[in-house]
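Everything on this sheet refers to the single structure shown next.
2 protein chains.
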Amino acid sequence: MATFQLNSFLAAQQARVEALLNERVARLGPSGTPPQLAEAMRYSLLAGGKRLRPVLCLAFADLVARGSAVSAVAGDAACALEYVHTYSLVHDDLPAMDNDDYRRGRLTNHKVYGESMAILAGDALLTEAFTLVASGPESMRAALCRELAVASGAAGMVGGQVLDTAEDRPSALDYLIRMHRMKTGALIRAACRMGVLASGGDADALARADTYGDAVGLAFQIADDVLDVTATAAELGKPAGADAAAGRFTFPAVVGLEASRKLADQKVAEAIAAVRPLEGEDGPLAALARYTVERKS
Amino acid sequence: MATFQLNSFLAAQQARVEALLNERVARLGPSGTPPQLAEAMRYSLLAGGKRLRPVLCLAFADLVARGSAVSAVAGDAACALEYVHTYSLVHDDLPAMDNDDYRRGRLTNHKVYGESMAILAGDALLTEAFTLVASGPESMRAALCRELAVASGAAGMVGGQVLDTAEDRPSALDYLIRMHRMKTGALIRAACRMGVLASGGDADALARADTYGDAVGLAFQIADDVLDVTATAAELGKPAGADAAAGRFTFPAVVGLEASRKLADQKVAEAIAAVRPLEGEDGPLAALARYTVERKS
Numbered sequence: 001m002a003t004f005q006l007n008s009f010l011a012a013q014q015a016r017v018e019a020l021l022n023e024r025v026a027r028l029g030p031s032g033t034p035p036q037l038a039e040a041m042r043y044s045l046l047a048g049g050k051r052l053r054p055v056l057c058l059a060f061a062d063l064v065a066r067g068s069a070v071s072a073v074a075g076d077a078a079c080a081l082e083y084v085h086t087y088s089l090v091h092d093d094l095p096a097m098d099n100d101d102y103r104r105g106r107l108t109n110h111k112v113y114g115e116s117m118a119i120l121a122g123d124a125l126l127t128e129a130f131t132l133v134a135s136g137p138e139s140m141r142a143a144l145c146r147e148l149a150v151a152s153g154a155a156g157m158v159g160g161q162v163l164d165t166a167e168d169r170p171s172a173l174d175y176l177i178r179m180h181r182m183k184t185g186a187l188i189r190a191a192c193r194m195g196v197l198a199s200g201g202d203a204d205a206l207a208r209a210d211t212y213g214d215a216v217g218l219a220f221q222i223a224d225d226v227l228d229v230t231a232t233a234a235e236l237g238k239p240a241g242a243d244a245a246a247g248r249f250t251f252p253a254v255v256g257l258e259a260s261r262k263l264a265d266q267k268v269a270e271a272i273a274a275v276r277p278l279e280g281e282d283g284p285l286a287a288l289a290r291y292t293v294e295r296k297s
Numbered sequence: 298m299a300t301f302q303l304n305s306f307l308a309a310q311q312a313r314v315e316a317l318l319n320e321r322v323a324r325l326g327p328s329g330t331p332p333q334l335a336e337a338m339r340y341s342l343l344a345g346g347k348r349l350r351p352v353l354c355l356a357f358a359d360l361v362a363r364g365s366a367v368s369a370v371a372g373d374a375a376c377a378l379e380y381v382h383t384y385s386l387v388h389d390d391l392p393a394m395d396n397d398d399y400r401r402g403r404l405t406n407h408k409v410y411g412e413s414m415a416i417l418a419g420d421a422l423l424t425e426a427f428t429l430v431a432s433g434p435e436s437m438r439a440a441l442c443r444e445l446a447v448a449s450g451a452a453g454m455v456g457g458q459v460l461d462t463a464e465d466r467p468s469a470l471d472y473l474i475r476m477h478r479m480k481t482g483a484l485i486r487a488a489c490r491m492g493v494l495a496s497g498g499d500a501d502a503l504a505r506a507d508t509y510g511d512a513v514g515l516a517f518q519i520a521d522d523v524l525d526v527t528a529t530a531a532e533l534g535k536p537a538g539a540d541a542a543a544g545r546f547t548f549p550a551v552v553g554l555e556a557s558r559k560l561a562d563q564k565v566a567e568a569i570a571a572v573r574p575l576e577g578e579d580g581p582l583a584a585l586a587r588y589t590v591e592r593k594s
């Protein structure tokens, strides 16, 4: 039985991420960023959320550092991942995209600052992510930039978004998996890999982070689709069943609820097997993998 | 008297940039980029233009390489600058921003591919710029990422765009200069600095590239404002006098036509003085600096 205390671990790690983000956001003013732009960036960046990507990045960085304090590079990498994730949400919410008025119970960026500022705040968050990872003398910084750029770009997150909105989208499982691997999976996988790179991990640790991140990213997305069918609106903090009502392209819609759950469980098992040689039984990464499918929202 | 043959130099360099861009764009398909995204990126990237940023970058890289062929890093840096410049045009043209239907005589990206794809194609171009500069073993790649990110981001190009559209914008010369230093100057300055870095130039060459880029960037913008007042529509390829008609915040509007010309000439002289110890009399960089104010469009 798993006895790892995930709740207290998550709370501590999320507080750590908030502190790291606050430190870096505070530097925007002195850097010469116009105050109104800094405010729009801060509004979405500090709006809470699970902080899954930075938490995964730091978990791998800690693991590879084996008890030593991780370097500032790991903190920069963790924050850069959240900057990229946040920019993607700000742009996705735009009227020309999903046209959402609320996110996490607050008005979306363009509803508060206007559409033009929301486009620019998203652009700035994406760009500042690269400033964060590229600033410093450490030799792995270019590799971190590359990981982040490839995962976020045309063959990663942005490409996945295009596949998701394509008019002639095939409704086949392999297309669905490929789309999610790019749209959300690539950045989650990069989070795990960047944690290993930031702590100078070896090729074996990097390969394990890769397998773990790929599996957890897919499990997370399948669980999201399953939750939309099974959770209550109170648990989700948004209307339940919205995907089905909108006829969205989801795992339950393509292979059914049971096969979706089975696929997610299989991915979690793969993820846990990949990191066992690194963290042993009952470590934080196994708990985080289980959490992706056991969460209620 | 300057006898450097700028026209043939520019034509050759622009052809060189087109070839470098085509090579890199061809790699989008095999990388896993969805074809419809690759097409939207290519449409704006290969739409012509002066290619000023890559030409400046390569000119500095060539100069520092002293006759040896420059490395692939310089080509990557030059293309990355054009990717970032192109993304900024695609986003600037959006309905929520300048709402332009035409650019360089062709329909703007969102008029052809829709607003949602134009946002994503811009995002992808920005991100791919970092993939280009960060991919490779060379030690200066992280420094190049940093130059590009800082120049393009919240305290650079995006920040300048925010200052330009601010509602409470002061109509003072120092604000106008600060705005242009960020909005267009930062990326032009980065182009020059990145050329030096890509060829492994020393601190003196980097400082000279910095002074030159800053002065040329400002001269270029002043000349743009002056051309709007003095050129004919046929020369500009767009209506002349549009700035004045729209009551835009320009150098002639703030300090008058003659003082604007004088300031631009002074900046060109500063730029030429900065690079004379590097290229001697009558080199390409001096000719490019003169071109920024002597061009007819």
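Protein sequence lines, in the order shown, are assigned to chains H and V.
The first sequence begins at 1 in my numbering and counts up one residue at a time.
The second sequence begins at 298 in my numbering and counts up one residue at a time.
C-beta atoms are modelled at their ideal positions from N, C-alpha and C, and glycine is treated no differently.
Quick caveat: nothing in here was measured; it's all calculated off a predicted structure.
So the alpha helix (DSSP H) residue i belongs to, where does it begin and stop?
i        : result
V:Lys408 : 406–410
V:Ser305 : 303–323
V:Phe548 : 548–552
V:Gly457 : 454–462
H:Pro170 : Unbroken run through H:Pro170: none, as it is neither H nor E.
H:Ser139 : That residue, H:Ser139, is in no alpha helix (DSSP H); it is neither H nor E in DSSP.
V:Gly450 : That residue, V:Gly450, is in no alpha helix (DSSP H); it is neither H nor E in DSSP.
V:Thr330 : Counting along the chain, V:Thr330 falls outside any alpha helix (DSSP H), and DSSP gives it neither H nor E.
V:Asp522 : 500–527
H:Arg104 : No alpha helix (DSSP H) holds H:Arg104; DSSP gives it neither H nor E.
H:Glu281 : Counting along the chain, H:Glu281 falls outside any alpha helix (DSSP H), and DSSP gives it neither H nor E.
H:Leu56  : 52–65
H:Ser88  : 72–92
V:Met491 : 483–495
H:Ala245 : 242–245
Candidates the options: which alpha carbon is nearest residue i's?
i        : options                                : result
V:Asp504 : V:Ala374, V:Ala568, V:Gly364           : A small correction: the amino acid at residue 504 of chain V is Ala; Asp does not occupy that position in the sequence shown. That would be V:Ala568, whose Cα lies nearest to the Cα of V:Ala504.
V:Arg574 : V:Ala371, V:Arg545, V:Tyr509           : Checking the displayed sequence, the identity of residue 574 of chain V turns out to be Pro instead of Arg. Among V:Ala371, V:Arg545, V:Tyr509, the Cα nearest to that of V:Pro574 is on V:Tyr509.
H:Ala246 : H:Gly49, H:Arg42, H:Glu39, H:Asp225    : H:Asp225
H:Glu128 : V:Thr529, V:Met454, V:Leu334           : V:Met454
H:Ala72  : H:Glu23, H:Arg103, H:Ala38             : H:Glu23
V:Ala251 : H:Ala172, H:Ala240, H:Tyr87            : The question about residue 251 of chain V has no answer here: the residues shown for chain V are numbered 298 through 594.
H:Ala205 : H:Ala69, H:Ala166, H:Cys57, H:Phe251   : H:Cys57
V:Gly372 : V:Leu307, V:Lys559, V:Ala316           : V:Ala316
V:Gly345 : V:Val590, V:Ala520, V:Leu318, V:Leu470 : V:Leu318
V:Leu494 : V:Asp525, V:Phe357, V:Ala393, V:Ala451 : V:Phe357
V:Glu464 : H:Leu263, H:Ser116, H:Glu167           : H:Ser116
V:Pro331 : V:Asp507, V:Pro467, V:Leu417           : V:Leu417
H:Arg189 : H:Pro170, H:Leu176, H:Arg178, H:Ala209 : H:Ala209
Run down chain V in chain order and give the residues with a C-beta less than 7 Å from the C-beta of residue i.
i        : result
H:Ala142 : Ala431, Arg438, Ala439, Cys442
Under 7 Å between beta-carbons, which chain H residues line up against residue i? List them in chain order, please.
i        : result
V:Ala393 : Glu115, Ser116, Ile119
V:Leu325 : Ala154
Looking at residue i: is its Cβ nearer than 8 Å to the Cβ of residue j?
i        : j        : result
V:Ala362 : V:Ser496 : yes
V:Gly457 : V:Met479 : yes
H:Val150 : V:Gln333 : no
V:Ala312 : V:Leu325 : no
H:Val25  : H:Leu52  : no
V:Asp525 : V:Gly514 : no
H:Ala155 : V:Gly433 : no
V:Ala561 : V:Ala520 : yes
H:Gly122 : H:His91  : yes
H:Val112 : H:Leu173 : no
V:Glu379 : V:Val430 : no
H:Lys267 : H:Ala215 : yes
H:Ala244 : H:Phe9   : no
H:Ser44  : H:Leu89  : yes
Using a C-beta to C-beta distance shorter than 8 Å, which residues of chain V count as neighbours of residue i?
i        : result
H:Gly159 : Gly329, Thr330, Pro331, Leu334, Ala421
H:Glu128 : Ala446, Gly450, Ala451
H:Thr131 : Arg443, Ala446, Val447, Gly450
Against residue i, what residues of chain V qualify as contacts under a CB-to-CB distance less than 9 Å, listed in chain order?
i        : result
H:Glu258 : Here the premise fails: no neighbours, minimum Cβ distance about 31 Å.
What residues of chain H sit near residue i, judged by a beta carbon separation below 9 Å?
i        : result
V:Thr462 : Ser116, Met117, Leu120
V:His388 : Ile119, Leu120, Asp123
How close, in whole Å, do the beta carbons of residue i and residue j come, if the pair is a contact with beta carbons under 8 Å?
i        : j        : result
H:Ser139 : H:Ala231 : The pair is not a contact, with the Cβ atoms about 45 Å apart (cut-off 8 Å).
V:Arg428 : H:Arg146 : Sequence check: residue 428 of chain V is Thr here, not Arg. With a Cβ gap of about 7 Å, V:Thr428 and H:Arg146 count as contacting.
V:Ser557 : V:Phe546 : Their Cβ separation, rounded to whole angstroms, is 13 Å, which puts V:Ser557 and V:Phe546 out of contact at 8 Å.
V:Leu391 : V:His407 : 6 Å
V:Val572 : V:Ala516 : So it is not a contact: roughly 14 Å between Cβ atoms.
V:Ala439 : H:Ala142 : 4 Å
Just the chain H side, please: which residues come within less than 8 Å of residue i by C-beta, in chain order?
i        : result
V:Met671 : Residue 671 of chain V lies beyond the stretch modelled for chain V, which goes from 298 to 594, so this question has no answer here.
V:Val459 : Pro34, Gln36, Leu37, Met117, Leu120
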